[in-house]
Structures are given as C-alpha cells and as structure tokens.
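Since the structure comes first, as structure tokens, the remarks are kept for the end.
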Amino acid sequence: MNHFETRLKASDNTYKELFRRYQYNPILTAKDWPYPVNSVLNPAATIFNGKVLLLARVEDRRGFSHLTKAVSDDGISNWVIDRTPTLAPDPDHPEEAWGIEDPRITYIDELGKYAITYTAYSESGAVVSMALTEDFENFERIGPIMPPEDKDATIFPYKFDDRWLLIHRPIERGANIWISASNNLKYWGDHKILINSRGGSWWDGTKVGICAQPLETSEGWLLLYHGVRNTASGATYRLGLALLDLKNPLKVLRRSDEWIFGPREEYEKQGDVQDVVFPCGWILDKSTGKIRMYYGAADTCIALAAASLDELLEYILNCPEPENP
Ligand code: BMA
C-alpha cells in the first residue's frame, strides 16, 4: 500500500488528524498578560524545574517584540506570567533594534544550560541570535550567529563528531531550510541545504522554516516545519513533518508530501495576520507518548494541540524518501 492509499483508508472521506486541538483554545491571549501588549504568539516550549515553560513572543503597540515566560504545572492552565519582559531587546545589541521574535529552546546537557535561538530584527533585516540561560532570569548573549536575511533557527542538544549543528532558514534565491556546524556555538560553517521549498502549487511552495526543536526518537530526529504558500488572498502557514537520520542529521530520511496541520478555526484564520499556525516548541511526555505542540494562531494568541508520538512516527515512516537536495 502506498502512502496515498494509507491515507484514504485512514477514514472515509476525511483526513485523519494527527494533532488534535485543545477544546478551550486559545490558551493564552493578550488579555491574560500582566501588562499591556498587542499580541502574544509563537512560543518556545520546554520543561524547566518539572514545569512547562513557554517563552512567548510578545508584540507591543509599536510593533516591536520581546520574549516573556509563562510557566504552568499542567501545561494547559494556571499560567504564571512574568510581570515584565523576561528577555528584552538589548540596546547594546543594535541587531535587536526592531525587536526579538520567535524563540526556540534546546536544553544542552553538556553545558547545563538552555540555548535560546531567536530572530533579532535589525534595521538591516532579520538575523539569527543565540543566548544561553540556566534559570530563565539571567541570560548570556552569544549574539548574532547568522547574517540577514535569516531566521527560524534551532540547535541540536548535543554534538555530532565534535560539532554543534544548527538548523536555520536563510532567504536568498528561495527560502529553504539549511543546516550548519560549529565548534563553539558562535562561528558557523559547512552550510548545507536540508529541506527546500517545493515551488509551484505545493503547500510549502514559497517558504519553509523549522518550527520546534528537533525531537530525538527511536526512528530518527523528528522535525516539525512550516510551509508557506502564497495565494491571491495572501500567505497560508501550514505544518509538515520530516525525519532526519539519528547519527547523521544531515541526511533527510522522510518528508511529508502533505501538510498535517493548518489554519481551520476562527482564532487561526482571523487576527493580526490571517491564516497562520506557527509553533516554536513542543514537549514530549515520555510516560504517555503524547506530544504537546504550542503554536501562535493568526499572529495574535497562543493555542495548543496534541498528538501521539507513535502516530506521528507511523505517519512519517509511510512518507516518501526525499532526494536529499
Ligand atoms: C514569519 C514570522 C512569524 C510570523 C509569520 C506569519 O515570517 O515573522 O513570526 O508568525 O511570519 O506572519
């Protein structure tokens, strides 16, 4: 049975939903914030001190963003939100002049620290920046690590052949996902394209970019990425999956042809930017095998959807092996 037949047999005439939305979405909005903000969106997600920690992009009424953490015991409710920005643009870092956006968090065991990769919005375009933290109160800036135009970056949690690996998305003749290596987290090289935007009428034809931090599984590194398609009524942001080789993440084992999650509900279709679902983090509960994906909806609020890791792996293993670009 090929992949398409598998999908047809999954149910009658509907696609099987891998990620199911939380029924009380959105889980966090500007109204929940302890200080005035325009929107809260695109959160990174990790476990810190046994609790779920989201680091949300928060946009003010100038249009500039900073990052603020929200912490919860169950990852759904009773969020404790910092009363002031957790990580704000630093005046000593001119590349952050127009704000900082879209963080991703990876815990680096070797350093005993969390690495936060984020978009620094400079007056000359978006760059990838990195900061380290042990406590989400004090931050050590590594600074800009990729020149403009580059965003959507995440780092793997350990070294491969003594080198760190970073996934990111430069824009230059297309908007494709690249992977780069470094000995020291600061200087990156050996750049290689990993996942390309497919052009034409593909759902990810115009742009692709990584969403959450890579998830280590028995079958390989599971990637969640967004794909953009431009239409006459604007861009639509949807999500797909890919699988990288466990020992050599430069090799793409599988890539979904279809998108697996897209704007459907009102809060995803209407807002500051219509038709956007944009996760920057997910969390696997190893005891239940359940993955929670936290995402920005319509660039306005934060929502939650959950999937089973087994179902995601079954799905991606049935997807075609791509030609490595
Ligand atoms: C991307 C980023 C995201 C945003 C998305 C949709 O380029 O700026 O922060 O959610 O566009 O507007």
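Here the sequence shown is numbered in the UniProt record's numbering, starting from 1 and rising by one per residue.
Using N, Cα and C, we set each Cβ at its ideal position, and we do this for glycine too.
Predicted model only: the values in this text are computed from it and were never measured.
Proline 320 and isoleucine 100 have their C-alpha atoms some 36 Å from each other.
With a cutoff of 9 Å on beta-carbon distance, cysteine 211 and tyrosine 267 are scored as not near each other.
The criterion of a C-beta distance shorter than 9 Å is not satisfied by isoleucine 142 and alanine 126. Around the Cβ of valine 208, a 10 Å sphere holds 16 or more other Cβ atoms; the residue is buried. With a contact defined as Cβ atoms closer than 8 Å, threonine 86 and threonine 68 qualify at about 5 Å.
In this structure, the alpha-carbon of glutamate 216 lies about 35 Å from that of lysine 31. Less than 9 Å separates the beta-carbon of phenylalanine 156 from that of proline 214. Note that the C-beta distance between leucine 304 and tyrosine 315 is not below 9 Å. Remark: C-beta atoms of serine 197 and glycine 234 do not approach each other more closely than 9 Å.
Within the model, the alpha-carbon separation for lysine 251 versus isoleucine 179 is close to 10 Å. It is roughly 15 Å from the alpha-carbon of phenylalanine 139 to the alpha-carbon of isoleucine 108. Relative to the non-hydrogen atoms of the ligand BMA, the Cβ of tyrosine 158 never comes closer than 8 Å to any of them. In this model, glycine 199 and tyrosine 118 are separated by some 26 Å (Cα to Cα). By the 16-neighbour rule on beta-carbons within 10 angstroms, asparagine 176 is buried. Collapsing the DSSP output to three states places isoleucine 105 in a strand. Relative to the ligand BMA, tyrosine 267 has its C-beta separated by 8 Å or more from all heavy atoms. Comparing C-alpha distances from alanine 97 to each of Glu123, Pro322, Ala242, Ser308 shows the shortest one belongs to Glu123.
Distance from glutamate 219 to leucine 313 at the Cβ level is roughly 5 Å; contact confirmed, criterion being Cβ atoms closer than 8 Å. Contact annotation, tryptophan 188 with leucine 223: C-beta distance approximately 19 Å; criterion of less than 8 Å not satisfied. Annotation for tyrosine 35: no beta strand (DSSP E) segment contains it, and DSSP assigns it neither H nor E. In its chain, beyond the 5 residues on either side, Lys51, Leu53, Val80 have a beta carbon closer than 6 Å to the beta carbon of valine 71. Where lysine 69 is concerned, the enclosing beta strand (DSSP E) starts and stops at 65-72. Leucine 241 is positioned such that its CB atom lies closer than 9 Å to that of arginine 254.
When distances are taken from the beta-carbon of phenylalanine 19 to the heavy atoms of the ligand BMA, even the shortest one reaches 8 Å or more. By the Cβ neighbour-count rule, glutamate 95 is buried, with 16 or more other Cβ atoms within 10 Å of its own. Taking a 10 Å sphere around the C-beta of aspartate 275, we find 16 or more other C-beta atoms and assign the residue as buried.
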